[in-house]
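*Asks:* Submitted below is the structure of interest, expressed as structure tokens.
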Amino acid sequence: MSMSTSCHDGVFTDSVTFVLGTRPEIVKLAPLARLFGERARVAYTGQHYDALMSEIFFTECGLRAPDALLEVGGRTRAEQVGAALCRLDRCFAEGAPSAVVVQGDTNSALAGALAANARGIPLVHVEAGLRSRDRAMPEEHNRILIDHVADLLCAPTEANAANLRAEGIDPRRVAVTGNTVVEALLEALPQPARRAKLLADAGVESGRFVLATVHRPENTDDAGRLAAIMAELTALGEAGRPVLFPVHPRTRAALRSVFRDEPPERVVLCEPLGYRDFLALAAECALLISDSGGIQEEATVLRRPLIVVRRSTERPEALDGFAVLVEPGPAIGEHARALLADVPGVRRRLEGLRSPFGDGQASPRIEALIRERFITPAVPRPTAETVSASV
Ligand code: UD1
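Residue numbering for the sequence shown follows my numbering, starting at 5 and increasing by one per position.
Following this line, the structure appears as structure tokens:
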């Protein structure tokens, strides 16, 4: 991206600063950042640094180029958090934002949270209170740490707020807002004509293909689990269900080491897709198979069935009618075959359900809370002088 690699001259002073680092953070915070107009600033950590994983998302989501690029991609978790924290601290030393906003559970979000905390800047955590109870996931530790330092915790659902109460977090710091992914998706979903063109380009028909993604370390860094997932996807392809698989860079490397030069046939591997193209295909597919967090939410807004391939989920709300949680192996194929046997029937059932993740108004709700708590100048308390002057 062509922008400054460091911050300059107090560019963050009195701003609402969004610390972003990965695809989902750009997508989910763009609607809120846009509401702050000229007051919004973006510090991009560069955790996702391939153009297909970052730049295209800024453009598609209507964000201008970041105000600071921290360039911490491709490092270990500790190095990412440490380097981003130091660089943000230098930026904030030149002029403090009125509030720092982070989203979710990435290493970038944790770095943003610690940088705000270190300088006493109010911290807003969007998507607070999610818990997988899986301590093997770095994301679980990241989100717990962020929640405990945040000043305003925006919980997507009542269940998320209950998780925070159970950990003793002061309820005055917590607001149930819904998830910003709902409005992000509704704004970005292409119209049917554009969707039809994409389907033609991909050589698939509406309602007749499977869309799959895999990127979690629990699946990519374990050759047995990755091979088991690919075997099930291959079997679906052999049974006449085309499987499209946009491949995350981590997964591409893992596939190379598991399959050498013979990638699985019958699964159509492609580069990571932009947000609009991904949503278009998700809206038109018969079935989603994924280990992503965000896709669990998006499936409920698009009303498409989803098989979540993971040990655990921090989004149990999606399991209420929309998704099933399975381990890699035959369960994937069993569920897939059952769901693919009656695509119109499954769609009719899902059309009758409401997304548990909100009504598409989370961003304006969060904007109002930030303005009220951290920006609106406090009404001066009446002093003896002002009281006597007014009588
Ligand atoms: C991160 C988040 C995860 C989120 C995901 C969205 C953490 C702990 N995890 O995982 O919660 O669901 O983003 O995609 O923050 N790489 C590239 N090019 C890129 C980005 C990454 O080659 O543009 C490589 C990295 O060098 C690394 C691997 O892919 O080897 C994984 O990247 P990492 O930064 O760990 O993030 P994700 O796995 O994407």
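Every residue, glycine too, gets a C-beta built ideally from N, C-alpha and C.
Predicted, not measured: the structure shown is a model, and the values here were computed from it.
Who are the near neighbours of F22 in its chain, counting only those whose CB is closer than 6 Å to its CB and skipping five residues on each side?
*Replies:* Position 18 of the sequence shown, counted from the start, is the residue given in the question as residue 22. Closer than 6 Å at the Cβ level, and outside the excluded window around F22, lie L33, A37, V46 and V105.
*Asks:* Classify C95 as buried or exposed, calling it buried when 16 or more other Cβ atoms lie within 10 Å of its own Cβ.
*Replies:* The count along the sequence shown starts at 1 and reaches residue 95 at position 91. It is buried - the Cβ of C95 has at least 16 other Cβ atoms within 10 Å.
*Asks:* Go ahead and pull the three-state DSSP assignment for S367.
*Replies:* To locate residue 367, count along the sequence shown from 1; it is residue 363. Correct three-state label for S367: helix.
*Asks:* Which same chain residues end up closer than 6 Å to P28 when comparing Cβ atoms and leaving out the 5 residues on each side of it in sequence?
*Replies:* Sequence index remark: in the sequence shown, residue 28 carries index 24 (1-based). Counting only Cβ-Cβ distances below 6 Å, and skipping sequence neighbours, we find G298.
*Asks:* DSSP state of H129, grouped into three classes?
*Replies:* Walking along the sequence shown from the start, residue 129 turns up at place 125. In this structure, H129 counts as strand in the three-state DSSP scheme.
*Asks:* Ignore the nearest five residues each way along the sequence and tell me which others in A126's own chain have a CB closer than 8 Å to its CB.
*Replies:* The residue given as residue 126 occupies position 122 in the sequence shown. At residue 126 the sequence reads Pro, which differs from the Ala that was named. Around P126: S102, A103, V104, A120, D155, L156, R377 and F378.
*Asks:* Out of F263, H152, A206 and P332, which has the shortest C-alpha to C-alpha gap to V272?
*Replies:* To locate residue 272, count along the sequence shown from 1; it is residue 268. Comparing Cα-Cα distances from V272 to each of F263, H152, A206 and P332, the minimum goes to A206.
*Asks:* Beta-carbon within less than 7 Å of G241's beta-carbon, same chain only, minus the 5 sequence neighbours each way: which residues are those?
*Replies:* Against the sequence shown, residue 241 aligns to sequence position 237. Correct list, in chain order: V247, R270 and V271.
*Asks:* When DSSP builds the beta bridges, which residues end up paired with A72?
*Replies:* Indexing the sequence shown from 1 puts residue 72 at position 68. A47.
*Asks:* I need the straight-line Cα distance from C289 to Q300, nearest angstrom please.
*Replies:* Stepping through the sequence shown from its first residue, residue 289 is reached at position 285. Stepping through the sequence shown from its first residue, residue 300 is reached at position 296. About 15 Å.
*Asks:* Just list the beta strand (DSSP E) runs in the stretch 86 to 168, keeping only unbroken ones of 3 residues or longer that don't cross its boundaries, in chain order.
*Replies:* Qualifying beta strand (DSSP E) stretches, in chain order: 103 to 107, 127 to 130 and 156 to 159.
*Asks:* Say the cut is 7 Å; is the CB of M57 nearer than that to a heavy atom of the ligand UD1?
*Replies:* Translated into the one-based positions of the sequence shown, residue 57 becomes position 53. The answer is yes for M57.
*Asks:* Can you round the beta-carbon distance between V398 and H339 to whole angstroms, since I take them to be within the 8 Å contact cut?
*Replies:* For residue 398 there is no data in the structure shown, the boundaries of the chain being 5 and 395.
*Asks:* Reducing DSSP to helix, strand and coil, say where S394 ends up.
*Replies:* As a first step, residue 394 is located in the sequence shown; it is residue number 390 there, counting from the start. Note that S394 scores a pLDDT of 47, beneath 50, so its modelled location is shaky; the value from the coordinates is reported in the next line. S394 falls in the coil class under three-state DSSP.
*Asks:* Is the CB-CB distance between N164 and A132 below 8 Å?
*Replies:* Residue numbering aside, residue 164 sits at position 160 when the sequence shown is read from its first letter. Residue numbering aside, residue 132 sits at position 128 when the sequence shown is read from its first letter. A contact, by the Cβ cut-off of 8 Å.
*Asks:* Measuring from the CB of Q51, is there a heavy atom of the ligand ZN at a distance below 7 Å?
*Replies:* What this structure holds is the ligand UD1, not the ligand ZN.
*Asks:* What does a CB cutoff of less than 6 Å around S296 pick up in its chain, not counting 5 residues either side in sequence?
*Replies:* Counting from 1 along the sequence shown, the entry for residue 296 is found at position 292. Cβ within range, chain order: T217.
*Asks:* Can you tell which of N111, T26 and E191 has its C-alpha closest to the C-alpha of G66?
*Replies:* Sequence index remark: in the sequence shown, residue 66 carries index 62 (1-based). The option with the nearest alpha carbon to G66 is E191.
*Asks:* Do A188 and V31 have their beta-carbon atoms positioned less than 8 Å apart in this structure?
*Replies:* Residue numbering aside, residue 31 sits at position 27 when the sequence shown is read from its first letter. Residue numbering aside, residue 188 sits at position 184 when the sequence shown is read from its first letter. For V31 and A188, yes; Cβs fall inside 8 Å.
*Asks:* Taking three-plus beta-carbon pairs below 8 Å as touching, is the stretch 361 to 375 in contact with the stretch 172 to 188?
*Replies:* Touching, per the Cβ criterion.
*Asks:* Checking the sheet assignment: what are the DSSP bridge partners for P1?
*Replies:* An answer regarding residue 1 cannot be provided, because it is not within the stretch 5 to 395 covered by the chain.
*Asks:* The ligand UD1 heavy atoms versus the CB of R314: any closer than 7 Å?
*Replies:* If you number the sequence shown from 1, residue 314 lands on position 310. Answer for R314: no, Cβ out of range of the ligand UD1.
*Asks:* Per DSSP, S296 forms a beta bridge with which residues?
*Replies:* As a first step, residue 296 is located in the sequence shown; it is residue number 292 there, counting from the start. In DSSP, S296 forms no bridge with anything.
*Asks:* Near D18, what residues of its chain come up, given a Cβ to Cβ distance below 6 Å and the 5 sequence neighbours on each side ignored?
*Replies:* As a first step, residue 18 must be located in the sequence shown, where it is residue number 14. Result list for D18: S102, in chain order.
*Asks:* Out of curiosity, what's the CA-to-CA distance linking L259 and I374?
*Replies:* Here residue 259 refers to the residue found at position 255 of the sequence shown. Here residue 374 refers to the residue found at position 370 of the sequence shown. Between L259 and I374, the C-alpha separation is close to 43 Å.
*Asks:* Can you give me the start and stop residues for the beta strand (DSSP E) that L24 sits inside?
*Replies:* Position 20 of the sequence shown, counting from 1, holds the residue named residue 24. L24 -> beta strand (DSSP E) spans V20 to L24.
*Asks:* How far does the alpha helix (DSSP H) with V31 in it extend, from its first residue to its last?
*Replies:* Looking up residue 31 in the sequence shown gives position 27. Per DSSP, V31 belongs to the alpha helix (DSSP H) from R27 to L39.
*Asks:* Going along the chain, which residues of its own chain have a beta-carbon closer than 6 Å to the beta-carbon of P309, five neighbours each way excluded?
*Replies:* What you label residue 309 is simply residue 305 of the sequence shown in a count that begins at 1. Result list for P309: L291, L343 and V350, in chain order.
*Asks:* Under 7 Å Cβ to Cβ from G333, same chain only, skipping five residues before and after it: list those, please.
*Replies:* For the purposes of this step, residue 333 is taken as the residue at position 329 of the sequence shown. The residues are A232.
*Asks:* When you compare only the Cα positions, how much space is there between A227 and V313?
*Replies:* Here the question's residue 227 lines up with position 223 in the sequence shown. Here the question's residue 313 lines up with position 309 in the sequence shown. Distance between the alpha carbons of A227 and V313 is about 15 Å.
*Asks:* Any idea which residues DSSP pairs I311 with across the strands?
*Replies:* Within the sequence shown, numbered from 1, the residue matching residue 311 stands at position 307. Paired residues: I293 and V328.
*Asks:* Would you report the Cα separation of L283 and L306, rounded to the nearest angstrom?
*Replies:* Counting from one through the sequence shown, the residue named residue 283 turns up at place 279. Counting from one through the sequence shown, the residue named residue 306 turns up at place 302. So the two alpha carbons sit approximately 9 Å from each other.
*Asks:* Can you tell me whether L193 is helix, strand or coil according to DSSP?
*Replies:* Within the sequence shown, residue 193 is the residue found at index 189, counting from 1. Of the three classes helix, strand and coil, the one that applies to L193 here is coil, per DSSP.
*Asks:* Considering just the uninterrupted stretch of the beta strand (DSSP E) at V180, what are its terminal residues?
*Replies:* Taking the first residue of the sequence shown as position 1, residue 180 is located at position 176. Note, V180: beta strand (DSSP E), V178 to V180.
*Asks:* Label L237 either buried or exposed according to how many other C-beta atoms from any shown protein chain fall within 10 Å of its C-beta, with 16 as the threshold for buried.
*Replies:* Here residue 237 refers to the residue found at position 233 of the sequence shown. It counts as buried.
*Asks:* How close, in whole Å, do the beta carbons of S316 and S136 come, if the pair is a contact with beta carbons under 8 Å?
*Replies:* The count along the sequence shown starts at 1 and reaches residue 316 at position 312. The count along the sequence shown starts at 1 and reaches residue 136 at position 132. Right, the Cβ-Cβ distance comes to about 4 Å (below 8 Å), so this counts as a contact.
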